[in-house]
Amino acid sequence: MAAAAALSVLAQTEKDFECFIVDDGSTDDTGRVLGALPKDSRLKLLRMEKNGGQHACRNRAIKLSQGRFVTFLDSDDLYLPGRLAAFRRAAEERPAAGFWFSNAYVHRFGRVQGTLFDPARSIPQGKVPGWYAVGDKFLPYVTTNVAIRREAFDKHGVFREDLRILEDTELYARMLGGGLEVGAIFEPLSVRFLHDAQITRDYERDFKEALIALDAGAPPPDVREARRREIALEVATYLWKDARPEQARELLVRELGDEARSMPLYRWTHLPAFLLAGLRAARRAALSLKPAAAPDVQRFVDSTFDQASKL
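If you're matching positions, the sequence shown starts at 91 in the numbering used here and goes up one per residue.
Laid out in structure tokens, this is it:
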């Protein structure tokens with residue numbers, strides 16, 4: 091999908107940009123496909139000597155970037171044509187904001203199925219506590235939908251390469267905690283593809299890294315404890331939905347103590363794993379029947395993938 095992602099960048103109505111495409115030591119034909127992209131001086135292909143993970147790729151591109159803002163695009167997502175122009179307008183209208191994020195369309199089961207967050211949702215903007223970056227309770231962003239003022243990386247640093255899952259959350263917590271102002275765009279400006287490989291995660295590591303990110307946001311002790319408990323419950327819920335009830339129960343007891351045993355989720359963790367797997371399959375089947383949304387966006391997706399297939 092990397093070629094389709096790159097083509098979606100070339101389709102931007104805003105023409106003033108540079109695009110670093112980082113080949114993370116791939117052993118397939120990614121390099122050949124990317125090399126077949128239309129010749130454009132704004133596209134700059136970088137090859138990593140070895141697979142260092144997405145954080146290493148992003149860090150290398152950040153260090154080479156010369157624009158006023160840095161934005162990201164994962165290889166399995168797409169920008170809509172007006173994305174960069176919309177971010178530029180927003181940044182010019184509110185120059186104090188240096189951490190921008192937008193809404194996105196969600197693509198799953200072969201079609202667009204709504205948006206990442208409700209456009210009517212209330213979202214805090216301006217100066218916010220750093221710990222607001224952890225989870226989507228306050229700021230419903232994903233990195234594909236983020237744009238950050240370039241100088242913020244010089245001030246606050248780049249992605250930690252010792253983290254595997256939430257290196258972006260940890261960095262953004264540092265930035266917001268350091269005073270970088272938030273701006274939100276409620277219009278969907280990209281297409282985020284969800285698939286099983288993304289959804290199945292190392293939830294235990296996710297929990298540990300969430301706490302690291304939380305600490306990077308410097309919460310007061312009472313806030314840290316409250317958020318730690320909320321995150322533990324969230325991660326246990328994900329484990330339960332993933333048909334791993336014993337792990338969910340162990341995490342609840344370890345992190346919440348005796349209080350865990352009075353929670354409905356704790357009781358539900360005693361359901362057999364095979365039953366939970368059946369419920370999970372039924373839920374997935376129901377989601378697959380969800381009607382398509384935004385036909386014009388779906389046409390753009392189909393057209394972009396058709397172009398990419400011909401490279």
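Each residue gets a CB set at the ideal place from its N, CA and C atoms; glycine is no exception.
Only a predicted model underlies this, so the values are computations on that prediction, with no experimental measurement involved.
Starting from the N-terminal side, write out each stretch of the alpha helix (DSSP H) that is 4 residues or longer and does not extend beyond the region 118 to 186.
Within the region 118 to 186, the complete alpha helix (DSSP H) runs of at least 4 residues fall at 120 to 125, 144 to 154 and 173 to 183.
Count the other CB atoms, across all protein chains shown, that sit within 10 Å of the CB of S192; report buried if there are 16 or more and exposed otherwise.
Its Cβ being crowded by 16 or more others within 10 Å, S192 is buried.
By DSSP's criteria, V325 is part of a beta bridge. Which residues make up the other side?
Within the DSSP secondary-structure output, V325 pairs in no beta bridge.
At which residues does the alpha helix (DSSP H) containing R239 begin and terminate?
Counting along the chain, R239 sits inside no alpha helix (DSSP H); it lies in the beta strand (DSSP E) bounded by residues V236 to R239.
Considering Cα atoms alone, identify which of V325, G273 and L279 is closest to E294.
Nearest option by C-alpha distance: V325.
I'd like to know whether the C-beta atoms of D292 and T234 end up nearer to each other than 8 Å.
No, these two residues do not count as a Cβ contact at 8 Å.
Starting from R282, follow the alpha helix (DSSP H) in both directions and report where the run begins and ends.
It is not in any alpha helix (DSSP H) - R282 instead sits in the beta strand (DSSP E) that spans E271 to F283.
Mind pulling the beta strand (DSSP E) runs of 3 or more residues that sit fully within the region 207 to 258?
Listed in chain order, they are 236 to 239.
Going by DSSP in three states, D332 sits in which element: helix, strand or coil?
Coil, per DSSP.
Segment contact, 8 Å Cβ cut-off, at least three pairs: the region 327 to 345 with the region 248 to 266
Counting C-beta pairs closer than 8 Å gives fewer than three between the region 327 to 345 and the region 248 to 266, which falls short of the contact rule.
Can you give the Cα-Cα distance for V272 and V313, rounded to whole angstroms?
Distance between V272 and V313, taken at the CA atoms: about 20 Å.
Restricting to runs no shorter than 4 residues, where is the alpha helix (DSSP H) found entirely within the region 350 to 396?
Secondary structure within the region 350 to 396: the alpha helix (DSSP H) runs of 4 or more consecutive residues, fully enclosed, are 354 to 358 and 363 to 378 (chain order).
According to DSSP, is Q203 helix, strand or coil?
The DSSP-derived three-state label of Q203 is strand.
Can you look up R264 in the DSSP assignment and give me helix, strand or coil?
Reduced to three states, the DSSP call for R264 is helix.
Pair every Cβ in the region 169 to 187 with every Cβ in the region 218 to 231, then say whether three or more of these pairs are closer than 8 Å.
For the pair of segments examined, the region 169 to 187 was found not to touch the region 218 to 231: the number of CB pairs separated by less than 8 Å stays below three.
Would you report the Cα separation of A322 and K380, rounded to the nearest angstrom?
Near 30 Å, if we compare the C-alpha coordinates of K380 and A322.
Which residues does DSSP pair with F110 in a beta bridge?
Note: F110 sits in a beta bridge opposite K134.
With C-beta atoms as the reference, is Q102 less than 8 Å away from P171?
At the C-beta level, Q102 and P171 come within 8 Å of one another.
Through-space distance from A306 to R148, alpha-carbon basis:
Going by the C-alpha atoms only, they are around 20 Å apart.
Using DSSP with H/G/I as helix, E/B as strand and the rest coil, what is G347?
Helix at G347.
Which residue comes first and which comes last in the alpha helix (DSSP H) that contains A308?
No alpha helix (DSSP H) contains A308, which DSSP labels as neither H nor E.
Any idea what DSSP makes of R291, helix, strand or coil?
In the structure shown, R291 sits in coil (DSSP, three-state: anything other than H, G, I, E or B).
Which residues in the same chain as D166 place their Cβ atom closer than 6 Å to its Cβ, once the five residues preceding and following it in sequence are excluded?
M91 and F283.
What is the DSSP secondary structure of A194, reduced to helix, strand or coil?
Here A194 sits in strand by DSSP.
Member of K331, A316, R173 and D252 whose CA lies at the smallest distance from the CA of R373:
Nearest of K331, A316, R173 and D252 to R373, Cα basis: K331.
Determine the direct distance from the alpha carbon of K134 to that of G142, and round the result to whole angstroms.
One Cα belongs to G142, the other to K134, and the distance between them is close to 19 Å.
Classify P362: buried if its beta carbon has 16 or more other beta carbons within 10 angstroms, exposed otherwise.
Only exposed fits P362, as fewer than 16 other CB atoms lie within 10 angstroms of its CB.
Please name the residue, chosen from A333, A382 and P278, that lies closest to W358 on a Cα-to-Cα basis.
That would be A333, whose Cα lies nearest to the Cα of W358.
For W190, tell me which candidate among K400, R318 and F276 has the shortest Cα-Cα distance.
For W190, the nearest C-alpha among the options comes from F276.
Comparing C-alpha positions only, which one of P128, D348 and P230 sits nearest to A210?
Minimum Cα distance to A210 is reached at P230.
DSSP beta-bridge partners for F189?
BP columns for F189 point to I238 and V272.
Three-state secondary structure assigned by DSSP to E320
E320 falls in the helix class under three-state DSSP.
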